[in-house]
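**Q** One structure, as structure tokens, below. Some questions next.
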Amino acid sequence: MNQTQKKQLAAKSALPYIPSGSTLGIGTGSTVNEFIDLLPSITNQIESIVSSSNASTKRLEKLGFEVSSLNSVGDVDLYVDGADEATKHLHLVKGGGGALTREKIVAGAAKQFICIIDDSKQVGVLGAFPLPVEVIPMARSFVARTLVKMGGQPVWRENFVTDNGNHILDVHNLEILNPIEMETQINQIAGIVTVGIFAHRAADILIVSSDKGVTVTTTNDMSKP
Ligand code: 5RP
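Those letters in the sequence shown? Residues 84 to 308, per the working numbering, in order.
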């Protein structure tokens, strides 16, 4: 199976989790694009859709879906998104596509968060993928210097502006041994909009596709011995 086929498999495996009459939150990225492309087959199950990026909104609208604002729908029943890295504890690194802020907002508003990845994204410890951090433009250098003091090597994602008009620093060489603690710590730096660690609001269900099929891990599995 090539990587596109794996992404398609992960996307398809999320469909049975969509409750009928649901308000659906849609993430961003190539794996989620595969999921979006499957939605016309289940239109009757969807009450409304909220999107995490202009790119996903555009794709959804092209397929004929109307995209609602989060403010107009209240709670989201189910949020489906990909990730750049995921652990067995369902902690994630996200933001490779630069949509981390709206992704974190929609994930936060969702009753359930399903993360769909292929097996190349599964890691023991987060941090090999450079950690995306969205910053207010005037704070970029200050935030970068602070991240250096924390042991990271931030690189400005030049020629990239987020949907919110901000900049991204990709932080290399961080070994994220305690994702909850590091998410809290980085959130304290003035000028940071969002850090791409999703640990406080981790996924509830992780679907991983591989040559062998899919494995599904839920938060309930994590409490098993
Ligand atoms: C975008 C994201 C994506 O979920 C992440 O980058 C994974 O993307 P892909 O499915 O293309 O590998 O966080 O901000």
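Where is the CB? At the ideal position from N, CA and C, for every residue including glycine.
All values derive from a computational prediction rather than experimental measurement.
Spell out the partners DSSP gives Gly296 in its beta bridges.
**A** Numbered from 1 along the sequence shown, position 213 holds the residue referred to as residue 296. BP columns for Gly296 point to Ser293.
**Q** Drop a sphere of 10 angstroms on the beta-carbon of Phe243, count the other beta-carbons inside from all chains shown, and report buried for 16 or more, exposed for fewer.
**A** Position 160 of the sequence shown, counted from the first residue, corresponds to residue 243. Under this definition Phe243 is an exposed residue.
**Q** Under 8 Å Cβ to Cβ from Ser152, same chain only, skipping five residues before and after it: list those, please.
**A** Start at 1 with the first residue of the sequence shown, and residue 152 comes out as number 69. So the list reads Val133, once near-sequence residues are dropped.
**Q** Taking 8 Å as the cut-off, decide whether the C-beta atoms of Lys187 and Phe118 are in contact.
**A** Here residue 187 is taken as the residue at index 104 of the sequence shown, counted from 1. Here residue 118 is taken as the residue at index 35 of the sequence shown, counted from 1. No, they are not a contact pair.
**Q** Indicate whether the contact test is met: 3 or more Cβ pairs, each with one atom in the stretch 137-145 and one in the stretch 101-120, closer than 8 Å.
**A** Yes, the stretch 137-145 is in contact with the stretch 101-120.
**Q** Quick check on Pro308: buried or exposed, where buried means 16 or more other Cβ atoms within 10 Å of its Cβ?
**A** One-based indexing of the sequence shown puts residue 308 at position 225. In this predicted model, Pro308 has a pLDDT of only 47, less than 50, meaning its place in the structure is not dependable enough to derive any value.
**Q** Beta-carbon separation of Ile290 and Ala166 under 8 Å?
**A** Here residue 290 refers to the residue found at position 207 when the sequence shown is read from its first residue. Here residue 166 refers to the residue found at position 83 when the sequence shown is read from its first residue. Not a contact, by the Cβ cut-off of 8 Å.
**Q** I need the DSSP call for Ala93, collapsed to helix, strand or coil.
**A** Counted from its first residue, the sequence shown places residue 93 at position 10. Three-state DSSP puts Ala93 in a helix.
**Q** Any heavy atom of the ligand 5RP closer than 7 Å to the CB of Val254?
**A** The residue labelled residue 254 in the question sits at position 171 within the sequence shown. Incorrect: Val254 has no Cβ contact closer than 7 Å to the ligand 5RP.
**Q** DSSP state of Phe243, grouped into three classes?
**A** For the purposes of this step, residue 243 is taken as residue 160 along the sequence shown, with counting starting at 1. Residue state, collapsed to three classes: coil.
**Q** Looking only at C-alpha atoms, which of Ile259, Arg185, Val216 and Asp253 sits nearest to Asn247?
**A** Along the sequence shown, one-based indexing puts residue 247 at 164. Ranking the options by Cα distance to Asn247, first place goes to Arg185.
**Q** With H, G and I counted as helix, E and B as strand and the rest as coil, what does DSSP make of Glu144?
**A** Taking the first residue of the sequence shown as position 1, residue 144 is located at position 61. Helix.
**Q** DSSP state of Ser139, grouped into three classes?
**A** As a working note, residue 139 is residue 56 in the sequence shown. Ser139: helix per DSSP, three-state reduction.
**Q** Three Cβ pairs or more, each shorter than 8 Å: is that satisfied between the stretch 223-230 and the stretch 189-201?
**A** These segments do not touch.
**Q** Which one of Leu209, Gly110 and Ser105 has the shortest CA to CA distance from Val159?
**A** Sequence index remark: in the sequence shown, residue 159 carries index 76 (1-based). Checking every option, the nearest Cα to that of Val159 belongs to Ser105.
**Q** On the three-state DSSP scale, how would you describe Glu149?
**A** In the sequence shown, the residue the question calls residue 149 occupies position 66. Correct three-state label for Glu149: coil.
**Q** Where does Pro308 sit, in a helix, a strand or coil, going by DSSP?
**A** Position 225 of the sequence shown, counted from the first residue, corresponds to residue 308. Because the pLDDT at Pro308 is just 47, under 50, the model does not fix this residue reliably, and the point stays unresolved.
**Q** Starting from the C-beta of Gly279, find all residues in its chain whose C-beta is less than 7 Å away, skip the five residues before and the five after it, and write them out in chain order.
**A** Numbered from its first residue, the sequence shown carries residue 279 at position 196. If we look at Gly279 and ignore the five residues flanking it on each side, its Cβ neighbours are Val176, Lys177, Gly178, Leu183, Leu214, Pro215 and Val216.
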